[in-house]
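J.: Numbering (the working numbering), first residue to last: 148 to 572.
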Amino acid sequence: TLHNFKMVAVAQVWLLVATLIVGCNLGRAQNPNATWRPNFMPLGTHCFSDFPNPNNPEIPHGGGCGCENTPFRWNGRMYMMESTEHYCEIFPGYNTTKQGDCSFFRIREMATGRVIANVSESIGHSFFAAAVDYKSENGPTIWVFGSARNRPNKLSPGPCAVIPYKGCYVGVWTSKDLVTWTTTSKALTLPDGHSLFNNDVTIVRGTASSASLPLHQAVMIIEQRTEDVHKYPYLSPFAINTGTDGDLSKNWQFLNASMYGIDLPKGSVGMGFGAPTIRYDDDEGYYYVIGGGSITDGPIRSKSLELESWTVSHRAPLAAPAAITAKLGLPSYDAAHNNSFYSDLWTNADPKLLATIHAWLDNMSAWNYGVTDPDLCCDDGLAPSYLTHTNSKQGAPSGFTGKTTTFGALGMVNVTLKEWLRSYF
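1. Excluding the five sequence neighbours on either side, which residues of its own chain have a C-beta within less than 6 Å of the C-beta of L337, listed in chain order?
2. Please list the segments of the beta strand (DSSP E) lying wholly inside the region 349-436, counting only runs of 3 or more residues, in order along the chain.
3. Does the beta-carbon distance from D526 to I425 come in below 9 Å?
4. Under 9 Å between the Cβ atoms of L211 and F198?
5. Count the other CB atoms, across all protein chains shown, that sit within 10 Å of the CB of S273; report buried if there are 16 or more and exposed otherwise.
6. Give the straight-line distance between the Cα atoms of N561 and N486, rounded to the nearest whole angstrom.
7. Looking at the strands, I want to know which residues DSSP matches up with P189.
8. Below 6 Å CB to CB, which residues in the same chain sit around L163 once its five sequence neighbours on both sides are set aside?
9. Can you tell me whether I270 is helix, strand or coil according to DSSP?
10. In its own chain, which residues sit with a C-beta less than 7 Å from the C-beta of T563, not counting the 5 before and 5 after it?
11. Contact defined as beta carbons within less than 8 Å: I believe Y226 pairs with L325. What is the distance between those atoms, to the nearest angstrom?
12. Count the other CB atoms, across all protein chains shown, that sit within 10 Å of the CB of Y381; report buried if there are 16 or more and exposed otherwise.
13. Tell me where the beta strand (DSSP E) around R255 begins and ends.
14. Roughly how many whole angstroms lie between the Cα atoms of E431 and Y571?
15. N217 and A258: beta carbons closer than 9 Å?
16. Specify, as a first and last residue, the run of the beta strand (DSSP E) that H536 falls within.
17. To which residues does DSSP link H341 through a beta bridge?
18. Report, in whole angstroms, the separation of the C-beta atoms of E370 and G318, which I expect to be a contact under 8 Å.
19. Could you pull out every residue in the same chain whose Cβ sits closer than 8 Å to the Cβ of E284, ignoring the five residues on either side in sequence?
20. Where does A496 fall in DSSP's three states?
21. Check the C-beta distance from G408 over to K397 and give it rounded, since I have them as a contact under 8 Å.
22. Among I387, T552 and D410, which residue has its Cα nearest to the Cα of Q400?
23. Less than 9 Å between the C-beta atoms of G558 and T537, yes or no?
24. If I follow the unbroken beta strand (DSSP E) through E229, where does it start and stop?
25. If you draw a straight line from the C-alpha of S294 to the C-alpha of N345, how long is it?
26. Measure the alpha-carbon distance for S545 versus G440 and round it to whole angstroms.
27. By how many angstroms is the C-alpha of L360 removed from the C-alpha of I350?
28. Cα separation between A466 and P179?
29. Could you say which of G549, D491 and A483 lies nearest to W514 if we only look at CA atoms?
30. Can you say whether A181 is buried or exposed, counting buried as having 16 or more other CB atoms within 10 angstroms of its CB?
31. Between I254 and G260, what straight-line distance do the alpha-carbon atoms span, to the nearest angstrom?
32. Since E374 contacts M406 with CB under 8 Å, what's their CB separation in whole angstroms?
33. Going by DSSP, which residues form a beta bridge with K333?
34. Check whether the Cβ atoms of F554 and F195 sit closer than 9 Å, and answer yes or no.
35. Just mark I310 as buried or exposed, buried being the case when its beta carbon has 16 or more other beta carbons within 10 Å.
36. At the level of alpha carbons, what is the spacing between V266 and M367?
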């Protein structure tokens, strides 16, 4: 079994070159087959859910990976925006305090795993996603968006978690230095009867790529819920920001659901909307989407966001879990630990914890049914590009009773994000 990333890298690099340059058809629709291969270099698991807090093990903030994360590059260094929470259910009475409001996001150095900011302004929200505007005035600006869903607080769960749904919104926070953050703004409020889990946002530069779309500076995609599909029909999964000043805290509006959405060509396996991610190529005018609650579906792409305008990559899916690849005679692509990221967490892990980690990695095909919550980096036009996703049991068959855990994993391609996404088509 390969547990050290350096042992995996050389073996994967030739696969990476062949996949990106040769352009052979390695997969169809959304389900992998025996000829499928990832169109990136898997870097292995960089984070384990049971790691202690890297800054102070006595503080009740989880040291694990979170599940809805965005890697991003900032002044040449890599960071991770992580969705996380206090251990609200462990301490009796803790859930009644302000600190017990539970969910929030934090910013980590990817090299060390050190937390540089627990963003208390975001407490009471979850399912976060980050977008960096690299062309904003006076240096880059980071925007983080999250659902008003206070997980796992049972006393005050938030408007996106209570039926009947009323006042559910996407909150937004912004920073110029990763440490000082604005208070919560309500970027987008959903109509009554509607809610959401995940969202993602991409910056849009230049003119609209389709004559049917109003001029916009960003697009948001949501993983939505409705309390009654007949009374409250589904919204378009897309909202656009019609501002022109770079301010993503306002000027959001949903597109018309009868025209804008995702309706794949006949014969394609459906595109999952679990934890969707969207990116825009401002040179070619394509919007790319990935997502899914078990297999990471896509990429798919469109120039207009219109229902029947989407093309599915012949290389789809983007990623597949170990339980699925094992049935095809393929390896568990994330079954190696990578201590070149989050290095402090690996260095400080005791031998017993490391043994536990290796045991889980040895047996990934028995429990890893989901590679979920994917996100991509970076929109700065630089290489390399990165993928992150969660390894868990999500998507397991009904009645699954085996033991399970959660890891965070990374992938990398030594080209720009635009070049990587284009290579799928």
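Note that CB positions come from ideal geometry on N, CA and C, so glycine has one too.
T.: Taking the structure as given:
1. Answer for L337: C315, listed in chain order.
2. As for any beta strand (DSSP E) of minimum length 3 sitting wholly inside the region 349-436, the runs are 365-373, 385-388, 399-401 and 424-428, ordered along the chain.
3. With contacts defined as CB atoms closer than 9 Å, D526 and I425 fail to qualify as a contacting pair.
4. What sits at residue 211 in the sequence shown is Gly, not Leu. In contact: G211 and F198 (Cβ atoms closer than 9 Å).
5. Burial call: buried.
6. About 20 Å.
7. Answer is G558.
8. Unreliable placement is indicated for L163, whose pLDDT of 40 sits below 50; the coordinate value is still reported in the next sentence. So the list reads M188, once near-sequence residues are dropped.
9. I270 falls in the coil class under three-state DSSP.
10. Sequence-distant Cβ neighbours of T563 in its own chain, meaning closer than 7 Å and more than five residues away, are G528, L529, A530 and S532.
11. Contact between Y226 and L325 holds, since their C-beta atoms are separated by about 7 Å, short of 8 Å.
12. Its Cβ having fewer than 16 others within 10 Å, Y381 is exposed.
13. That run of the beta strand (DSSP E) goes S250 to E256.
14. Straight through space, the alpha carbons of Y571 and E431 are spaced by roughly 14 Å.
15. Per the sequence shown, residue 217 should be read as Thr rather than Asn. It is not a contact, given that the beta carbons lie outside the stated cut-off.
16. Looking at the DSSP string, the run of the beta strand (DSSP E) that includes H536 is S532 to S539.
17. Answer is T373.
18. In fact, because the Cβ distance is near 16 Å, the residues do not count as touching under 8 Å.
19. Answer for E284: G393, listed in chain order.
20. DSSP places A496 in the coil class of the three-state scheme, outside both helix and strand.
21. Rounded, the Cβ-Cβ distance is 24 Å, inconsistent with contact.
22. For the residues I387, T552 and D410, the minimum Cα distance to Q400 belongs to I387.
23. Taking 9 Å as the Cβ cut-off, G558 and T537 do not qualify as a contacting pair.
24. That run of the beta strand (DSSP E) goes R224 to E232.
25. Distance between the alpha carbons of S294 and N345 is about 7 Å.
26. Taking the Cα positions, S545 is about 14 Å away from G440.
27. Whole-angstrom Cα-Cα distance: 15 Å.
28. Using only the alpha carbons, I get a separation of about 9 Å.
29. When G549, D491 and A483 are compared, the shortest CA-CA separation from W514 is found for G549.
30. Exposed.
31. In this model, I254 and G260 are separated by some 9 Å (Cα to Cα).
32. At roughly 24 Å, the Cβ-Cβ gap does not stay under 8 Å, so E374 and M406 are not in contact.
33. DSSP lists G318 as partners of K333.
34. Closer than 9 Å, so yes.
35. Exposed.
36. Answer to the nearest angstrom: the Cα atoms are 22 Å apart.
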